[in-house]
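Peer 1:
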Amino acid sequence: MASDNFYDGFDYNSSQDDVEIEYQIYLFEIRQCSKAKKLRIPSYRFSRKTSKSQHPLIKIDNIDNKRIVEIEQKIFRYTRYPSKQAKNIIKGFECDKQFQTKSDCTQPNVSLQTVRPHDFTTFRRHFYRTNHQQIKSSLKHRTNIEIINIRLAPIDKSIQNDFMKRFNENTSYYPHLVYHGTKLTNIKSILRYGFLIPNQPHPTNSKAPIIATQNGSSYGSGIYCSETADYSLSYTNTTNTLLVCAALPKRNEAGSIERSHGNILVLSHVSEIVPLFLIDIQYLSESNLNKPWFNQQYPLKMNIKEDANKPLIISRKYLRKVLNYMKDEVRKNRRYRGRRNNRHKIRREDEYQVRVFEPFS
Numbered sequence: 002m003a004s005d006n007f008y009d010g011f012d013y014n015s016s017q018d019d020v021e022i023e024y025q026i027y028l029f030e031i032r033q034c035s036k037a038k039k040l041r042i043p044s045y046r047f048s049r050k051t052s053k054s055q056h057p058l059i060k061i062d063n064i065d066n067k068r069i070v071e072i073e074q075k076i077f078r079y080t081r082y083p084s085k086q087a088k089n090i091i092k093g094f095e096c097d098k099q100f101q102t103k104s105d106c107t108q109p110n111v112s113l114q115t116v117r118p119h120d121f122t123t124f125r126r127h128f129y130r131t132n133h134q135q136i137k138s139s140l141k142h143r144t145n146i147e148i149i150n151i152r153l154a155p156i157d158k159s160i161q162n163d164f165m166k167r168f169n170e171n172t173s174y175y176p177h178l179v180y181h182g183t184k185l186t187n188i189k190s191i192l193r194y195g196f197l198i199p200n201q202p203h204p205t206n207s208k209a210p211i212i213a214t215q216n217g218s219s220y221g222s223g224i225y226c227s228e229t230a231d232y233s234l235s236y237t238n239t240t241n242t243l244l245v246c247a248a249l250p251k252r253n254e255a256g257s258i259e260r261s262h263g264n265i266l267v268l269s270h271v272s273e274i275v276p277l278f279l280i281d282i283q284y285l286s287e288s289n290l291n292k293p294w295f296n297q298q299y300p301l302k303m304n305i306k307e308d309a310n311k312p313l314i315i316s317r318k319y320l321r322k323v324l325n326y327m328k329d330e331v332r333k334n335r336r337y338r339g340r341r342n343n344r345h346k347i348r349r350e351d352e353y354q355v356r357v358f359e360p361f362s
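This note's numbering numbers the first residue of the sequence shown as 2 and each following residue consecutively.
(1) Going by the beta-carbon positions, is the gap between A255 and L277 smaller than 7 Å?
(2) Just verifying my parser: in three-state terms, what is the DSSP assignment at I211?
(3) Is the Cβ-Cβ distance between P176 and L249 less than 7 Å?
(4) By DSSP's criteria, A247 is part of a beta bridge. Which residues make up the other side?
(5) Going by the DSSP bridge assignment, what does C226 pair with across the sheet?
(6) If you draw a straight line from the C-alpha of I91 to the C-alpha of I149, how long is it?
(7) Looking at the secondary structure, which residues open and close the beta strand (DSSP E) in which N150 lies?
(8) How big is the Cα-Cα spacing for I274 and L153?
(9) Let me know if T242 comes out buried or exposed under the rule of 16 or more other beta-carbons within 10 Å of its beta-carbon.
(10) What residue range is occupied by the uninterrupted alpha helix (DSSP H) comprising Y129?
(11) Near L244, what residues of its chain come up, given a Cβ to Cβ distance below 6 Å and the 5 sequence neighbours on each side ignored?
(12) Return the CA-CA distance between F121 and Q215, expressed in angstroms with no decimal places.
(13) Need the endpoints of the alpha helix (DSSP H) that N187 sits in, please.
(14) Can you tell me which of F100, K328, S138 and S159 puts its alpha carbon nearest to the alpha carbon of R130?
(15) How close, in whole Å, do the beta carbons of R178 and Q135 come, if the pair is a contact with beta carbons under 8 Å?
(16) With a cut-off of 8 Å on the beta carbons, I'd call A230 and L140 a contact; round off their distance for me.
(17) How is the alpha helix (DSSP H) around D97 delimited, first residue to last?
(18) What does a CB cutoff of less than 7 Å around L234 pick up in its chain, not counting 5 residues either side in sequence?
(19) Could you tell me whether the Cβ atoms of N264 and S227 are closer together than 7 Å?
(20) Using CA atoms only, rank isn't needed, just tell me which of S286, S272, T240 and H262 is closest to Y194.
(21) Taking 7 Å as the cut-off, decide whether the C-beta atoms of N200 and S286 are in contact.
(22) Pull up the distance between the alpha-carbon of Y232 and that of Y225, whole angstroms please.
(23) Figure out for me which residue from N132, T205 and K137 has the closest Cα to the Cα of F164.
(24) Under DSSP, the alpha helix (DSSP H) around N169 begins and ends at which residues?
(25) For R125, is the classification buried or exposed, using 16 other Cβ atoms within 10 angstroms of its Cβ as the cut-off for buried?
(26) Whose CA, out of G223, I191, S218 and Y220, lies closest to the CA of P210?
(27) So, using beta-carbon positions, are Y220 and H262 closer together than 7 Å?
(28) Where L58 and E147 are concerned, what is the direct C-alpha to C-alpha distance, given to the nearest angstrom?
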C-alpha cells in the first residue's frame, strides 16, 4: 500500500467546493458504519427472551449468562438489591448501632421501674430499648414517608442535669414518649438551651434567649408537644427532622395528667421535657416536600445579635502579613515621591543656574 507521502507532490484542482466534498465523505462513512452493524452476527444462537424459559445449562451459551446468574441467586446467598422494607434491617439506624438494638425483632420491654438509672446516658439507652419499636412504627400509617435514620440528639450538659434532677425527684411516674416538630432554625436553640417557654426567661441559664409565640397558645402558655409523630410532623415546615423527647408532665392528686388535650401535651416548666433523638424522614411520592435534615456538623446561625456582639479575633500571623504589606506600600510611595521631588529640584536648580550665568556668557 502506498504511503501518504507519495501524493504530497500531486495537486488536484476540482471545481467542486471543499466543504461539499468533506460532507460527502462524512455521509459515506456513516453508511459504512450502519452496514457493518446490520451484518454483525450475534454470539449466541437464540434471543434473550427465549433463554429465560430454557434450562439453566442452555443459558450458559447466552451472552447475558452472568447477569441471569446474579438474578437467580439461591436463598441462602446475599441479595445484592434488597427491598425497601429490608433496608432498615440490613443498614440499621445509628441508635440501633449505638445501643446494640436489633430492629428486625421485638425485644421484651426493659421497664424503667426495674432499672432506675441515675445518669443521663443510661437513662437514654433504657428509654430507647423500651420505646424503639414504637418510635420506628410512629409513621407507619403514612405510606408516602420513609424513616431514613434515628440518631442521638446532641444536647447540652446543663439540659441533661436539669432533667435528671427532676426525674430523680419524681419516683412515682416515668417519662412519656412525645414528639415535637419545629423549624430547622429552632432545632439548634433547643439542643443548646433546651425547650423554652415563650415570653419567659430561662430559670437557670441567663444566656438563653427569650422567644415569642409562633404557633399560638390555645391551651395557655407552655411547651407544646404531641404523643403522635404524625401530628408533630405538620409543624416541620423547613426541615424533615423530627424531635423525639421524654416528658414528665404534672399530675393531680388522682394521678392523671393536668394539661393533656387529646394528642397535645402542654408542659409548664423547661425541665419537664428533654430531646433525646432525631428522626430523619423522606417523602417517597412527593419529592418537592423533601427538605434538608438538621446537620450538627454545620450548625445554623440562630442569634445574629449575639454573633455581632462577639469580638472578631484575628490571628497574629495574618495581622503581621497585613501590616507588613501596608508598610511596604507606604515605603514604595515615599520612595517614588522622593524621586519626583528630587527631579523637580534638579530642574529648578538647572534653570536657576542658566538664568544666573546667562549675562556672563
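Don't be surprised by glycine CBs; every beta carbon is placed ideally from N, CA and C.
Here the structure is a predicted model, which means the values were calculated and not measured.
Peer 2: From the atom records:
(1) A255 is not a Cβ neighbour of L277, given a cutoff of 7 Å.
(2) Note: I211 maps to coil in three-state DSSP.
(3) A contact, by the Cβ cut-off of 7 Å.
(4) The partner list for A247 (beta bridge, DSSP) reads L178 and V275.
(5) According to DSSP, C226 bridges with L266.
(6) With a pLDDT of 44 at I91, under the threshold of 50, the modelled position of that residue is not reliable, and the figure given next carries that caveat. Rounded to whole angstroms, the separation of the alpha carbons of I149 and I91 is 13 Å.
(7) Annotation for N150: the continuous beta strand (DSSP E) segment containing it runs I146 to L153.
(8) Each residue's alpha carbon lies about 16 Å from the other.
(9) By the Cβ-count criterion, T242 is buried, with 16 or more other Cβ atoms from all chains shown falling within 10 Å of its own Cβ.
(10) First-last of the alpha helix (DSSP H) with Y129: F121 to K137.
(11) The beta carbon of L244 lies closer than 6 Å to those of H181 and P276 in the same chain, with the five residues before and after it left out.
(12) Whole-angstrom Cα-Cα distance: 30 Å.
(13) Its alpha helix (DSSP H) spans residues L185 to Y194.
(14) Of the candidates F100, K328, S138 and S159, the one whose C-alpha sits nearest the C-alpha of R130 is F100.
(15) The sequence as given places Leu at residue 178; Arg does not occur at that position. Yes, they are in contact, since the Cβ atoms of L178 and Q135 sit about 6 Å apart, within 8 Å.
(16) A230 to L140, Cβ: 6 Å. Contact.
(17) Counting along the chain, the unbroken alpha helix (DSSP H) around D97 starts and ends at E95 to F100.
(18) Closer than 7 Å at Cβ, skipping near neighbours: G182 and L243.
(19) For N264 and S227, yes; Cβs fall inside 7 Å.
(20) The shortest C-alpha separation from Y194 is found at S272.
(21) The answer is no: Cβ separation not under 7 Å.
(22) It is roughly 12 Å from the alpha-carbon of Y232 to the alpha-carbon of Y225.
(23) Comparing alpha-carbon positions, the option among N132, T205 and K137 lying closest to F164 turns out to be T205.
(24) If you look at N169, you'll find it in the alpha helix (DSSP H) that goes K158 to E170.
(25) Its Cβ being crowded by 16 or more others within 10 Å, R125 is buried.
(26) Taking P210 as reference, the option from G223, I191, S218 and Y220 with the minimal CA-CA separation is I191.
(27) If you check the CB distance, Y220 and H262 come in under 7 Å.
(28) Summary for L58: the model assigns pLDDT 48, below 50, so the residue's position carries little reliability; its value from the coordinates is reported in the next sentence. Using only the alpha carbons, I get a separation of about 42 Å.
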